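Below is one structure, written out as structure tokens; the observations come after it.
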Amino acid sequence: MAGVGAFWSVSFLLVLVPGADWAYAITAGLRHRTVLPAIGGLLGGYVVLTAVVAAGLATAVAGSPTVLTVLTAAGAAYLVWLGVTTLAHPAAPRAGDGDEGTGSWLGRAARGAGISGLNPKALLLFLALLPQFAARDADWPFAAQIVALGLVHTANCAVVYTGVGTTARRILGARPAVATAVSRFSGAAMILVGALLLTERLV
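In short: position in the sequence shown from 1, add 83, done, that's the working numbering.
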């Protein structure tokens, strides 16, 4: 499938752009001993989106401006909520090496899945961009091409977000003031992006 290489390049560049996923990976790196539950949840959200697109629902959604608007608006509102909560409770390095009082692995994974699954950038990528790299007349079934492309994007996310989370722990962990500033900046950025998306879709 010739489109895999081109899609990998586009996907990797998009993953490198900081957003809600980055903010959550940084928060996980600062608050927890391991970033695996958070990153696993983020990846799970993308697997679900891949399955939705491969099942053919993307065509129906893309063909209905109202449904697309509702989904994007919901994702944008969730992004604003995440930004507000991040500003209210900025991530800071935890004393010691334990995870006490920071939530279960399942809870962190579920929140990660919600962040990636409802991320407006991810919704637009999977619903609008991903099908453009699959060919209806290719030897592979169209759904199989979608699955392959979705897994390519998920793999890119795994590499980048794991690196972001572990780097945050190692570099920002010893600098509480800088870590808090980075967390607050991430929260403000999420609010700004979410507000712009809501304005674009609802006004």
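Positions of the beta carbon are idealized from the N, C-alpha and C atoms, including for glycine. Just so you know, these numbers come straight off a predicted model, no measurement behind them.
Can you check which of these residues, G123, A218 and G158, is closest to I274 by C-alpha distance?
G158
Does the stretch 93-113 come within contact of the stretch 197-207, defined as at least 3 CB pairs closer than 8 Å?
yes
Please report the straight-line C-alpha distance between V242 and H236, rounded to a whole angstrom.
10 Å
Looking only at its chain, what residues have a beta carbon closer than 8 Å to the beta carbon of A192, apart from the 5 residues adjacent to it on each side?
P120, A121, G123, G124 and G127
Proximity below 7 Å, CB of N366 to CB of V135
Past the edges of the chain, shown from 84 to 286, lies residue 366, and the structure says nothing about it.
Where the alpha helix (DSSP H) containing S199 begins and where it ends:
W188 to G200
Unbroken alpha helix (DSSP H) run spanning T249, endpoints:
Start and end: F225 to T250.
At least one CB of chain B closer than 7 Å to the CB of A134: is that the case?
Absent from the structure is chain B; it holds one protein chain and no more.
Three-way DSSP call (helix, strand, coil) for V261 in this model
helix
Within a Cβ cutoff of 6 Å, which residues of the same chain sit near D182, ignoring the five residues on either side of it in sequence?
At D182 the pLDDT is 48, less than 50, meaning the model places this residue with poor confidence; the figure from the coordinates comes in the next sentence. A distance below 6 Å between beta-carbons, with the five flanking residues on each side excluded, links D182 to the following residues of its chain, in chain order: H115 and R116.
Which first and last residues belong to the alpha helix (DSSP H) in which I109 is found?
Looking at the DSSP string, the run of the alpha helix (DSSP H) that includes I109 is A103 to R114.
Who are the Cβ neighbours of A196 in its own chain at under 8 Å, not counting the five residues just before and after it?
Hits under 8 Å: G124, L125, G127, G128 and V131.
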